[in-house]
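Novice: In this note's numbering, the protein residues as written are 1 to 277. Every residue gets a Cβ at the ideal spot worked out from N, C-alpha and C, and that includes glycine. Structure provided below as structure tokens; questions to follow.
Next up, the structure:
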């Protein structure tokens, strides 16, 4: 197994491509350009073209597993992972799966992410506690991003509730950030998912987890502010991975879709870099 860790790859790609941008691969055949529209057999072709057009502009790619599985396209996801590994070997791949189960089931999900698909990192739900996360950490050097303060409005329902039984009565998302920075992060493999729609919460998570990488969805189609996101989350000791999916993938519905995706990715990268100060 390679000695290069996910964090090594992430820092390397961030520096090499001068980028904080992650392109999310969420293929929706009904939104494909005209020549491919509605054809789930062309998911690989669409995504591979996006990867080729943007691989020098990003710090990571993030395929969302449901968009493949819903179309029985897991075999196309496997091909896409191989394509990324062959054609953009310096760019880490975060499999967005948001798994959350315990024991032997978690072991199987970890095997799926890291052995079947060859991902460098995976997104997880920490709702069932540390023993639902631990099986992923058995894979040396692989990363795991825990859902912490998500970009959806309903996140408040649970994440913004106070924990009266924990000293200081932190909000749940604050407790997750503290655990991920400390007790749970035994081998330095953990990161956190924090939505771009809540820059004040990004800043709070960064305060509690100063060294963890933050995966930040919500810039672009969800309306998150790129500059506010960077100011809140990026520090000398803590990097950020700012995801944009739909705004990049569907920048054009015509034959120039890959070039349009490149232009949007480049503009987003530049907006993020301008906010670095």
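(1) By Cβ distance, which residues of its chain are closer than 8 Å to residue 19, with the 5 residues on each side in sequence left out?
(2) Which residue's Cα is closest to the Cα of residue 190: 168, 140 and 203?
(3) Considering residue 266, what are the terminal residues of the beta strand (DSSP E) in which it resides?
(4) Which of the three DSSP states, helix, strand or coil, is assigned to residue 143?
(5) For a test of the three-state rule: what should DSSP assign to residue 104, helix, strand or coil?
(6) Would you check if the distance between the CB atom of residue 231 and the CB atom of residue 277 is smaller than 9 Å?
(7) State the Cα-Cα distance for the pair residue 261 and residue 54, rounded to the nearest angstrom.
(8) How should residue 96 be labelled, buried or exposed, when 16 other C-beta atoms within 10 angstroms of its C-beta is the threshold for buried?
(9) Please look up how many angstroms separate the CB atoms of residue 160 and residue 171, rounded, as I've assumed it's under 8 Å.
(10) Which one of 258, 213 and 225 has the shortest CA to CA distance from residue 240?
(11) Touching or not, the stretch 98–106 and the stretch 68–82, by the rule of three or more beta carbon pairs under 8 Å?
(12) Between residue 198 and residue 165, is the Cβ-Cβ spacing less than 9 Å?
(13) What does the alpha-carbon distance come out to for the pair residue 153 and residue 218?
(14) Exposed or buried, which one is residue 89 when buried takes at least 16 other CB atoms within 10 Å?
Specialist: The short version:
(1) Once the five neighbours on either side are set aside, the close Cβ partners of residue 19 are 13, 57, 58, 59, 269, 272 and 273.
(2) Per the Cα distances, 140.
(3) Residue 266 -> not in any beta strand (DSSP E); alpha helix (DSSP H) instead, spanning 257–274.
(4) Strand.
(5) Judged by DSSP in its simplified three-state form, residue 104 adopts helix.
(6) Yes; because the gap between Cβ atoms is below 9 Å, this pair is in contact.
(7) So the alpha carbons of these two residues sit roughly 7 Å apart.
(8) Residue burial is scored here from C-beta neighbours: residue 96 has at least 16 other C-beta atoms within 10 angstroms and is therefore classed as buried.
(9) That belief holds up - the Cβ atoms of residue 160 and residue 171 are roughly 5 Å apart, short of 8 Å.
(10) Out of 258, 213 and 225, 213 has the C-alpha closest to the C-alpha of residue 240.
(11) Between the stretch 98–106 and the stretch 68–82, the count of C-beta pairs closer than 8 Å stays below three; the two stretches do not touch.
(12) No; because the gap between Cβ atoms is not below 9 Å, this pair is not in contact.
(13) Answer to the nearest angstrom: the Cα atoms are 12 Å apart.
(14) Taking a 10 Å sphere around the C-beta of residue 89, we find fewer than 16 other C-beta atoms and assign the residue as exposed.
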